[in-house]
Every structure is written in structure tokens, then in C-alpha cells.
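These notes concern the structure reproduced below.
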Amino acid sequence: MSPIRHLVSIDDLSIAEMRRLFERAREFSVEPQSWSHLCRGRISASLFYESSTRTRLSFESAMLRLGGGVITAADMGNSSASKGESLADTVRVVGGAYADLVVLRHSSEGAARLATEYSSVPVINGGDGSHEHPTQTLCDLYSLWVERGRIEGLDVVLAGDLRYSRTIHSFAYALARFGANVVCVPQPGFEMPEYVVRRLREEFAIEPMRANASRLGELASTSDVVYLTPQKPHQLSLFTDAKGWKVGRVDAVYMTRPQTERHPTDPSDPTSYMQLGKRAMSADSLRDAVVMHPLPRRDEISADIDADPRSIYFKQAARGVPLRMALLAAMLGEIEVLDPEQPRGAEVHPIPEGDNPCEAPSCISRTEERHVTPRVRFQGRAPHRPACAFCSNDLTFAFVGCTTTRHYHAADSPAVRQIRPDHQVFFPDAAAAEALGFVRGAQPSPIA
Amino acid sequence: MSPIRHLVSIDDLSIAEMRRLFERAREFSVEPQSWSHLCRGRISASLFYESSTRTRLSFESAMLRLGGGVITAADMGNSSASKGESLADTVRVVGGAYADLVVLRHSSEGAARLATEYSSVPVINGGDGSHEHPTQTLCDLYSLWVERGRIEGLDVVLAGDLRYSRTIHSFAYALARFGANVVCVPQPGFEMPEYVVRRLREEFAIEPMRANASRLGELASTSDVVYLTPQKPHQLSLFTDAKGWKVGRVDAVYMTRPQTERHPTDPSDPTSYMQLGKRAMSADSLRDAVVMHPLPRRDEISADIDADPRSIYFKQAARGVPLRMALLAAMLGEIEVLDPEQPRGAEVHPIPEGDNPCEAPSCISRTEERHVTPRVRFQGRAPHRPACAFCSNDLTFAFVGCTTTRHYHAADSPAVRQIRPDHQVFFPDAAAAEALGFVRGAQPSPIA
Amino acid sequence: MSPIRHLVSIDDLSIAEMRRLFERAREFSVEPQSWSHLCRGRISASLFYESSTRTRLSFESAMLRLGGGVITAADMGNSSASKGESLADTVRVVGGAYADLVVLRHSSEGAARLATEYSSVPVINGGDGSHEHPTQTLCDLYSLWVERGRIEGLDVVLAGDLRYSRTIHSFAYALARFGANVVCVPQPGFEMPEYVVRRLREEFAIEPMRANASRLGELASTSDVVYLTPQKPHQLSLFTDAKGWKVGRVDAVYMTRPQTERHPTDPSDPTSYMQLGKRAMSADSLRDAVVMHPLPRRDEISADIDADPRSIYFKQAARGVPLRMALLAAMLGEIEVLDPEQPRGAEVHPIPEGDNPCEAPSCISRTEERHVTPRVRFQGRAPHRPACAFCSNDLTFAFVGCTTTRHYHAADSPAVRQIRPDHQVFFPDAAAAEALGFVRGAQPSPIA
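Chains as they are written, first to last, in the working numbering: chain A, 1 to 448; chain B, 1001 to 1448; chain C, 2001 to 2448.
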């Protein structure tokens, strides 16, 4: 029997697996009512610690279409949790006897990762704080694939709040994995964050370049447009000029709303936020571009293009059902989509000693300390950059210790790179290291 | 394929359709558990923007009895809506890919009508503010039909708060359509509103007359009783005397609670509200009258008649399940009940220019302006009386313009009646008309 | 056809019936997904007036596994109830046409008992205030039975808050009925209440004795341990010494959390509450003891024993699903488990006159007075001790009247015992008796 597969991050799926998912989703979409034999007798649990009606109903509709049953806790924030139950304990019970699969939504980053450690059935991340929402990304990719027949090589505009939207970040990584090009058209002040660009560069060899966006028209009139492409520099030189790459025909515009619920201060008065409407869509380069949006939209897409055939945001939402049907059926083992082995992501190690070095206040490693063993994941290679394995944020620390030599070193010391990852301990200051009996290492420590 | 049928108002069903519904409901009621093949694979969505457990559970039970599945948002007021999503957008997604039918409950009048404009599947109005609740009326009619074998010609007492109860108004219209007589026994101060009586008169040729209610006993001791009947005057003259029609044997008493949740000030201290109990039901004319109530009841029906065989209010609620089974199966096209064409109601026209003339603060045309094109429906014929097509309230305006002649006229000018309905624009004052370039019309304008 | 069976209290099931339930539950647990034909077409309603996600999901999972459907009101406290509907009226409708079985959770003691008076389908008590939660007790017994192969003769430690935990009280009664021994290890200040011990003594001939708990180690270091056993005194004398019975090998430790939600003042600061962890479980007498807990747990069970094979609290929760499958199937008449006759509990009588003598403020007989006829149940024999038939609390009264002689007597008068139970009326003082026309009885009244 294959080991259980979870879906915490879009990285948990290989490109080949996603392609097979899309094929099955398209098959399901033809006559969604004729698959009610596939998961008969199976139960999916919706564990929603924060309410998200659209995501929940989409999953539940998919499960019912497959003939399965659904048990629902639509607002866990106000129930058992009030008796102080930990997520770990809830998942141990629900993700065991009660259901054959758990869809989890939680306000803490890393909650789904934690759930996978305690569940004996597959866990699907239905959104964990501002971290990941992989089925949203899958739906976006699937919709693009349906519309364009492929993803590789497409030119996709990401517009609006590129800074706080997790949807945008996940979508950008996924586009990069598929070999698509990204045109960033940020709301001024809400540019794509440096850490996202860095990851794109390190993991996918994506190079950002300033772009000449004159053909994008009104949409890009106030933005500094950046082009992110996996193409080799020598190829780029063929068609870039002094002002950077020139935006040509665009395949899709993906618009996002201001993420006001993720940061308390409203980023802008609504009148100043960019709006995609008839005029903006009249730009030359957008002639064939489909318009996408994760919904709900507010004013950033004008109702005057709702009837435009290029506007596919409602189709995009609708496609979430067959896509989730395919995903549920795959994770329940009823269709062959997933490979026996999970694709190899970055290695994850428990941190053997010391305090939790993750400082993100809403990371599950901080909000549910009793059941969490802090874990680290090493990103990239060249700079030593460990991240919290739950919320993916960079760890903050000044010193690193080695549990075998009992030496500790400044974070930027070359000695650090010689410590085996699973022997590394992280300290905010020297005192914390010495309190645990570590001594300052004068020399690079030998490989432990 | 037939066009999609919605159920926003009881007027959306013809008398013949309702009779067929009742026949099927009675059939389903015999053994409700043996119809689980009828809607297998179909999904109904409960979109409840305000919670109404009884209505929701009744629909969901009906759908499950038919073998279908249910996705539920029991309290939308606190979820996606918080991200600012419009009803129109929600319905476009849910009433498309997620479900094969939508049951909508909303606090804004006209919400269900708006939903029909955006849904690609049938919408059933589960109550829109103080406007319509057609399945409640259907259940009431069905229950009367089951008890009495017919509706035409019955004498039905409506008692209690006749002013604010939408249930009562809808029921009164429906009784009139079926040719039943209505005996109004209002809580003093809560008489049937003038606009309801007017519609009964205009659309159903119902004549209200003062009634002698001595045989109704305690129930009518403090009320001015009014008899509403579709009978011809010459027939009435046979059995009326100087004091008006004399109440005889009554077929049903329909009691309602004070609608305290619809108007902030409690209409009465509870001790003074009418109460139907053993003593009131001992009146001579009520000997064979069944007692009905839409539930929940409070003190207006005393528990001392719960066991009385005439008390059918719990049966009435129970009958909601087979009735809704028939309705769901019909709207999903699984049984033949509905005619291909929706019965012709009053014509509805978009208002081509100007501000929304509807002033009802909780009308969906005001609470969701972005997605609503104001629409008008003309009621009656003789006086020019346009109403909002969403909330059905009379429009308030001082002037009417014609979009072809660009003239505007005082609302009571005979010229107004010559303007084509779909060319009419409504203005609160002359300034508003002139701001849009209309000029005062001196003479009746010719037919446009 | 058999009469409807309800499950309000664990006493509603005979020992033989529970044994058959356990057998069927074990059968269902082998392959829970292969029983979806058993209750096809049947509907269970979850009526939860207070939210309890775990209990609700467990029932709903069980019903879905059986192929049935579920309608859910997860938080009735905020819906119809707000229109002032009584529990009785809600149950009359839901427990009639809407569903074939009702699972009720309510904050008022006795709510489930009241529901059985108005429902036309089986009612299962899913917890009524601090009164009963019989399916929790069934799961506990079932889990013990699975682990040990029997219940009779086992030595079970009950530890923690033995005062306010209804779970503990019900479990203790049930263990006594099965002939198990109970070792009470209370959190100091939270000893087993006198009325529980009294009932154990009166109904099950259980004798409490001080116990020597030295072999229990840390767990009992600060508690006065009491042993409750149905064994005959002459048997006890064989192995007790001057210091009482000596705790030997224990079969199970059942730990409970402090019931902070049931009494407003936190009983203890969390640091001082007992904790079961590695050290406590190293005690000699606990070597083979399974560790049980009703969940959710907080700090009273340390995560350091979660992986210990003796820790079965998650299995215990998981077993709730097959157990509830068996219970639902049995109560819906789909498997043969229940005898045609409910086991004979104490007789219950309506109180024919006077005010409701129950003084428990959250008893349903006080919170829903309109629909409740106060009822009395006589406990034990020797002292005259009537209890409220809803909340089971002792009635408080100073005088008892007889409705045939119209005499009243002091509560402790021997005359009282000669009054037929169904003729007894209870008065707080003489004035209340005389207000209803009762006269002071000088002599014991003859048998009425």
C-alpha cells in the first residue's frame, strides 16, 4: 500500500501529477453528476477554524458529486476550541475514525503541516493563514490550462496587491515551475516582496527585468512593471532593448484585491486602487488575454467587463469543483493520479534543542507550542538560510550551535555551513547558547 | 429544453401548477423514504444570509429524502460577505458549478429576484426580508387543501398581526387567487394594510365589507372584523344585512405572532396580544375550523389546544417536507409539474436612466447597487402606479420623463399614461429631470 | 410494532442490550465503510443548542457510514430560538416529519427527557447541561470492554475533578451496574459528591472504603483515595487491613479535566491541577492500566505519554463512531439490539398540583415552564426522597400534601410514606399548602 499523501503546499505535487489532475478534472467537468459511484461510502471532514464559505462549499460539492459524505465544522473557532482543545488532538480524532480525508482551514501559518503529523488520513490545506492555499493555485493553473491548452511559455500578468496576497505568491512559484513568464504590474507600494523574487531566482533561475509596458495601456500607467522569466539571458538579448523587455501579447491578466483582512490598516482608499475595466482591457496587448481573479472581487474588477468573453473569473471559480473532484478522488486512492512517492521538497529537520527560533506570531509553532516540535528547512544553498518548516518564514537568530561539538558560532561564520543540518540549534544571543552549555567555537568545527 | 424556472413569489406558479404540486406532495407524504432515487446525484445549496433553522432543515430534509445532496451556508452574514462579496457574485458561482438548485434566504427585499438574474440554476426564495416567502404560503395552501379537499370557496379567518406579517399578506393574495374568502380579525392597531386591500381589490376583484362577528366569540371581541370575498355583489345581498356580512361557519383560523423582529418597537406588551385557546375555540362558528400557524408560535396560541384535533399547526409544518420534495423534484425537472412557460405576471422593465427611484432602505436595489439595474413593474391599470420590481414597494416620485421625447411631466399628469412603460424615467423633482436634459412637457406627449 | 425507544440516560439500556451493542460496534469497526446500505433513506437530525463539534461530528460520521442522511442545526442557541420557540415545539416538528431520529444537545438539564415527550421519533441525548451524556458513557464502557474483554470485576481509577464531571458520575454508575470496582482519586476539593455515593450505595449496594494507595505512586500523593466496590463485606475482610483496602493492580485510569465551563470560578490555577504523565504512569500498580480520557484534554494528561501503548484516549474517541453506528442502527430498528420493552427505571409521576418544586435554575422544568408538567421520581426506598424527573436533582420542600385527603404533612412525617406517589404534592411552606386548600394532617393519613 502506498503511503498517505497530503497536500499542504503546491510543491507537494509534481508537474506530472498536476497534469494528470487537470486531465481528470476536465473529464469530470463534462458531466459532473455521473461520478457518484467513485467515492461512495467515503467521508470528508471540513475542519474550518475560520469560515470560508466558497472554499468549503466547493470541496463539499466536489465530495457529494463523487458520492461521498461530508461532515462539517464550519466555524471551529467558536466550539471545541473553547474547551481548549489543541489542533493536534482534534486532528488525531477527526482525521482518524471520523473521516477518510480532512480539509483544514486555519488562521495560523503551518497548521496544515502540523495536522499531517497527527492525522492518519490525507490532509488537504484549505488555507493556513497567509501561508499557502494550494487548491486555489491548482484551480488557477487548471483554468489557465483549460483556456490556453498549456501553461509553459505563457505570458501572465499579475496585477494589484502583489505584496500581501498569498494567492499571488503561490501562483507565481507555480507558473515558474511550469515554465511560464510573469509580468508584475503591482499597485504602487504593493510590489512583489524581495523574498518571493529571491526564491524565484534561486529555485527556478528566474531573472527579473524592468519591462517597457507601454502596450499594456492604462493598466500599467502608474506601475513599475517587472518581467520574470526563466529564459536564458542570451535568448532575452534577442528581443530586449535598453529599456528592458517590451511587453507584447499577454495571455492572461490575474487581478487581486487589496488584502485588507491580512493587514489591519487599509492599504489604500478604495478609489485609488487599480481597477480593471473596459478601458484597461482595450489595451492592444490584452486583446486575447483572459481575465482571472481568485474571487471575491470588490471594485478592482469593474462589473462592466463581466459579460466580456475574456472575463473568465466566474468560470475559474466554477472549475474548482471538477478540479477538487479529481483531487479528492486521487487522494482517496480512487483514481490513479499520484505517484507512490511525494516529490522531494527541501529536507526538514527537527531542531534538537533550544527555544523555538521562529518568531512569526501567528505560526502554528508558536500558537500551539505544546504539540509542536520546531522544525527547520534549509532554503537555497549559498547563503545559510534556514526557515521555519511550518510557516516558511526565515528564522531569526544570531548564533548557531552544533549538538555534537557543543560549539556555537556567529550566524555568518563559515563554520556554520559545516554543521550537519539536523545538528543545528539556533540562538538569539550568546547567553542563550551558553545557558544550554554551548561554548563559543573559535575555529570552524569539523563535520560532525 | 425548457427554460429555467425560479420561485421568487407565489405568483410565479399558476393555479394548475400548484394543484399538481399538491397532488405530488400528497403522494410523497405516504412513504417519504421511498423516493431516494429521484434526485440522486443532484445538489441543492442552502444560501442563508440570515439563519432560519426551520426553513433550512425542511428544505434539506426534502432534498435528502429525494436522494440528493446538500451544501449549506447557514449563516452567510458572517463569512464571505465579510470580504465584501456581492450576492450577485456569490450566486454566479454557487448557482452554477456548485449546485443544481439554490435556496436563498436574505434580509433584503428582492434578493431572490436579483439572484435569478445571475444564477444558471433554479433559485427558490426561502424568504427575502419582509417581502415574500412563497414556500411558506405553498405549505399553508397545501395543508388547507389536504384538510378540506379544496381551497375555493372556503372561509378562512386571518387573525393577529395582519399589518407586518408577510406570511399573512402572501397567504391572503393566494387565497384570493384560489377563490377563497378571507375574514380579517386583526389585533387592534395591526389591521391589514391599505396597499394589500387595494391589490386584492384591483387584481382579484375582492370587495372588503364590515362583518358581524358575533358568532366568532372571544376571538373577535375587540377587533373590527372585515370580510374579503370575490363574490359578486348581487350574491352578497342575499345574505348580508345592514351590519354587513354575518360570519357563519369558518373553515380555518390562521393565527400569527406579533412580528417584533420586523419592527423595532414591540407592538404590544405580550399580555395584551390576542390568544387563541380553549375558550376562543369554543365559539360556535369555529366548531369545525382547523387552527393554523406558520410557527414558531409564542403565546398567541395557548398550549391548552395543542391536543385538540382541530389544531393542525404541527401537521402543517410537517407537511412542508413532502411539499418541498415535490417542489424540488419539479424544479430539478425530475417530475412533471411545471408548465414550460412561467405564468405571465406584470411586465417588468429596466429603468433606462436616472437614479434608482426605490426608496425602501432594505431593498436589494439599494443594498447592492453595483449589480442591480433598477427595474419597474406597473401595478393595476387606472392610476399610474409603478412599483420596484425587486421589493414590490410603490416608487416615490414627483415627475416622469420619456426617454424618446425628452419631456417630463408631473406624476399625475394624463400625459404620463401615454409614455411607453419601458421609456419611463422617474424623478423626485424637476431639477433631477433637468440635470439629465429633460424639458418640461407642456402638452401630453404623443405615444412614443 | 415495538414502541419507540429513546436514550436519555444510560439507565435506559439494560446490561444485555449494552453487551449486544458492543458486539455490533466491534463488528462495524472492522470495515466501517461497508455498511452504507443499513440506513439508506433515513435521516438523523443534529439539534445542538450548544455547540459540541466532537459529539456532533461523531454522530454524523456514524450516520453517513450507515448510508443515512444528516440535517444539522449546529448552534440553535442563535436561530429559531431567537424567535422564542420552545424546545417542545421545535422537537414536535423536527422529530416528526424532518427526521427519523433526533440527536439533541442542550444546556438545560432534562431537555432530552422533555424532548421524548414531544418527539414521534427516537431521541438520543447528546448531553443535557451537567446532567447526562449517555453516549459518552457507552463509548467509555465499550472501549474498556474492547481493551479488557469484560467490565465486571475490573478495578478502574477515576481521577481528577470527580465533583462536577457528569461524565464521571455516569461512568461510575455504569461501572457499578456492570459489577466493576471504582478507585476514586480526586483532585483535592473535588471529591465525588455525597449524592453520587449515596446512589451507588442504595441502588448498587456499593460500599465506599478508605483505601491505601501507596502503590498508586505520584498520582494519589495528595488525594484521599476511596474504593467503591460491590463486593460483599465478608469477601472484603479477606484482603483489607486496618488502613482500608490496599490498591493493587489497576485495569484503567480514567482522567478528567477541571470542569471550568460548568462552574464560573476556575477551581484551581492550572499549575496545581493533577497531571498524568510519564512519572505518574511509572507507578507499579499502573503497569498494565490503560489511560482513558473523554477529551478534549488540556494539561491534565501530558503529551509525553501520548505515544505510550497504554494511552488509549484517542482510540477511545475513535471507537465512538462504530459504537454510535450500532446505536443509530439499533434505534432506527435496522439491527436487533434493543428489547421491545425499555428496562424499568424508577417510576415517574406527574405532580398533580402546586408549584414546580424543582429549584435547579437550569432545569428544563424551569427554563421551559410552558410546556413542562413537573414530574417526580422516587429514589431509593427508606428515606422519602423524591427527585425531579427531568434534572434528577432532589426536590426541596418542607411539606407534602395528598390530593385525595387534602391533608398536608411535614416532609419527615411517617404519614408521608403512606401517600400514593402519584397523589403527592410538594410545598415549600405551610402557607403554600393552605393556599391550595390543604389542611394540616394531625394523624398519618390512611392509604389513599
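We put the beta carbon where it would ideally sit given N, CA and C, even for glycine.
For Pro188 of chain A and Ser223 of chain A, believed in contact at Cβ under 8 Å, the rounded distance
Rounded, the Cβ-Cβ distance is 6 Å, consistent with contact.
Spatial neighbours of Ile2206 of chain C within its chain, please: CB distance less than 7 Å, with the 5 preceding and 5 following residues excluded, ordered by chain position.
Excluding residues within five positions, the ones whose Cβ falls inside 7 Å are Ala2176, Leu2200, Leu2228, Thr2229, Pro2230.
Close beta carbons around Ser80 of chain A, own chain, < 7 Å, minus the five adjacent residues each side
For Ser80 of chain A, the pLDDT reaches just 48, beneath the cut-off of 50, and the residue's location in the model is therefore unreliable, although a value from the coordinates is still provided. Excluding the 5 residues flanking it on each side, Ser80 of chain A has same chain C-beta neighbours closer than 7 Å at Thr90, in chain order.
Alpha-carbon spacing of Pro1322 of chain B relative to Ser1311 of chain B, whole angstroms:
For the pair Pro1322 of chain B and Ser1311 of chain B, the Cα-to-Cα distance works out to about 20 Å.
Extract the residue ranges of the alpha helix (DSSP H) inside the segment 1056 to 1130 of chain B, only unbroken runs of 4 or more that lie entirely within it.
For the segment 1056 to 1130 of chain B, whole alpha helix (DSSP H) runs of length 4 or above, ordered along the chain, are 1087 to 1093, 1111 to 1118.
Am I right that Leu1101 of chain B and Met1331 of chain B are in contact with their C-beta atoms under 8 Å? What's the rounded C-beta distance?
Indeed they touch by this definition, with Cβ atoms about 6 Å apart.
Expressed to the nearest angstrom, what Euclidean distance is found between the alpha-carbon atoms of Ala25 of chain A and Phe1390 of chain B?
Cα-Cα distance, rounded: 38 Å.
What is the residue span of the beta strand (DSSP E) that His349 of chain A lies within?
His349 of chain A -> beta strand (DSSP E) spans 348 to 350.
When burial is assigned at 16 or more other CB atoms within 10 Å of the CB, is Gln2033 of chain C buried or exposed?
Exposed is the call here.
Could you pull out every residue in the same chain whose Cβ sits closer than 8 Å to the Cβ of Ile2151 of chain C, ignoring the five residues on either side in sequence?
Hits under 8 Å: Leu2141, Leu2144, Trp2145, Leu2175, Phe2178, Gly2179, Ala2180.
Give the residues of chain C in contact with Ile449 of chain A, contact being defined as C-beta atoms less than 8 Å apart.
Outside the displayed range of chain A (1 to 448) lies residue 449 of chain A, so it cannot be described from this structure.
From A:Met274, A:Asp339, A:Leu87, A:Glu191, pick the residue whose C-alpha is nearest to that of Ser221 of chain A; which is it?
Out of A:Met274, A:Asp339, A:Leu87, A:Glu191, the CA that lies nearest to the CA of Ser221 of chain A is found in A:Met274.
Does the beta-carbon distance from Pro1296 of chain B to Glu2050 of chain C come in below 8 Å?
No, the Cβ-Cβ distance between Pro1296 of chain B and Glu2050 of chain C is not below 8 Å.
Could you work out which residues of chain C lie near Arg370 of chain A, taking near to mean beta carbons separated by less than 7 Å?
Chain C residues near Arg370 of chain A: Ala2303.
Between Pro421 of chain A and Pro134 of chain A, what straight-line distance do the alpha-carbon atoms span, to the nearest angstrom?
So the two alpha carbons sit approximately 28 Å from each other.
Which residue marks the beginning of the alpha helix (DSSP H) containing Trp1145 of chain B, and which one marks its end?
Where Trp1145 of chain B is concerned, the enclosing alpha helix (DSSP H) stretches over 1134 to 1148.
Check the C-beta distance from Ala88 of chain A over to Glu368 of chain A and give it rounded, since I have them as a contact under 8 Å.
Between Glu368 of chain A and Ala88 of chain A the Cβ distance is about 7 Å, and since that is below 8 Å, they are a contact.
Going by C-alpha distance, which of B:Ser1029, B:Ile1071, B:Glu1109, B:Ile1010 is nearest Ser1362 of chain B?
For the residues B:Ser1029, B:Ile1071, B:Glu1109, B:Ile1010, the minimum Cα distance to Ser1362 of chain B belongs to B:Glu1109.
Step through the CB atoms of chain B and report whether any lies within less than 8 Å of the CB of Ser318 of chain A.
The amino acid occupying residue 318 of chain A in the given sequence is Ala; Ser does not appear at that position. It does; some Cβ of chain B falls within 8 Å.
Going straight from the alpha carbon of Met2209 of chain C to that of Val2197 of chain C, what length do you get?
When only Cα atoms are considered, Met2209 of chain C and Val2197 of chain C end up about 11 Å apart.
What would DSSP say about Pro264 of chain A, mapped onto helix, strand or coil?
Confidence in Pro264 of chain A is poor, its pLDDT being 44 and thus under 50, which makes the residue's placement too unreliable to answer from.
Could you tell me which of C:Phe2048, C:His2293, C:Trp2245 sits nearest to Gly2127 of chain C, measuring between CA atoms?
With distances taken between Cα atoms, Gly2127 of chain C lies closest to C:Phe2048.
Quick one: give me the first and last residue of the alpha helix (DSSP H) that His2423 of chain C is part of.
Premise fails: His2423 of chain C is in no alpha helix (DSSP H) and is neither H nor E.
Return no unless some Cβ of chain B is closer than 8 Å to the Cβ of Met2292 of chain C.
It does not; no Cβ of chain B falls within 8 Å.
With a threshold of 8 Å between beta-carbons, can Ser80 of chain A be considered close to chain C, or not?
Its pLDDT being 48, under 50, Ser80 of chain A is placed unreliably by the model, and the measurement read from it follows with that caveat. Residue-level contact check: Ser80 of chain A touches chain C, since one or more beta carbons of chain C fall below 8 Å from its beta carbon.
To which residues of the same chain is Ala2211 of chain C closer than 8 Å at the C-beta, ignoring the five residues directly before and after it?
Cβ-Cβ distances below 8 Å link Ala2211 of chain C to Val2183, Val2225, Val2226, Tyr2227, Gly2244, Trp2245, Lys2246, Val2247 in the same chain, with the five nearest sequence neighbours on each side left out; the list follows chain order.
Pairwise C-alpha distance: Lys1278 of chain B and Met1292 of chain B
Between the alpha carbons of Met1292 of chain B and Lys1278 of chain B lies a gap of roughly 15 Å.
How would you list, in chain order, the residues of chain C whose beta-carbon sits under 9 Å from the beta-carbon of Ile335 of chain A?
The premise fails here: Ile335 of chain A is roughly 17 Å from chain C at the closest Cβ pair, so nothing lies under 9 Å.
How would you list, in chain order, the residues of chain C whose beta-carbon sits under 7 Å from the beta-carbon of Tyr98 of chain A?
Going along chain C in sequence order, the residues near Tyr98 of chain A (Cβ under 7 Å) are Leu2057, Ser2058, Ser2061, Val2321.
Can you tell me whether Glu2336 of chain C is buried or exposed, with buried defined as 16 or more other CB within 10 angstroms of its CB?
An exposed status is given to Glu2336 of chain C, since fewer than 16 other beta-carbon atoms sit within 10 Å of its beta-carbon.
Which residues in the same chain have their Cβ closer than 7 Å to the Cβ of Asp308 of chain A, if we skip the five residues on either side of it in sequence?
Setting aside the 5 residues that flank it on each side, Asp308 of chain A is surrounded in the same chain by Met281, each with a C-beta closer than 7 Å to its C-beta; the list follows chain order.
Is there a C-beta anywhere in chain A that falls below 8 Å from the one on Gln2187 of chain C?
It does not: the Cβ of Gln2187 of chain C has no partner Cβ on chain A nearer than 8 Å.
I'd like the list of long-range same chain contacts for His1349 of chain B, defined as Cβ closer than 6 Å, with 5 residues on each side in sequence excluded.
Contacts found: Val1376, Pro1421, Asp1422.
I want to see whether chain C comes within less than 8 Å of Phe1397 of chain B, judged by CB atoms only; does it?
Answer no: the Cβ-Cβ gap between Phe1397 of chain B and chain C never drops below 8 Å.
Which class does Thr2451 of chain C belong to by DSSP, given the choice of helix, strand or coil?
As displayed, chain C neither begins before 2001 nor continues past 2448, which places residue 2451 of chain C out of reach and without an answer.
What residue range does the beta strand (DSSP E) around Phe2048 of chain C cover?
Its beta strand (DSSP E) spans residues 2043 to 2048.
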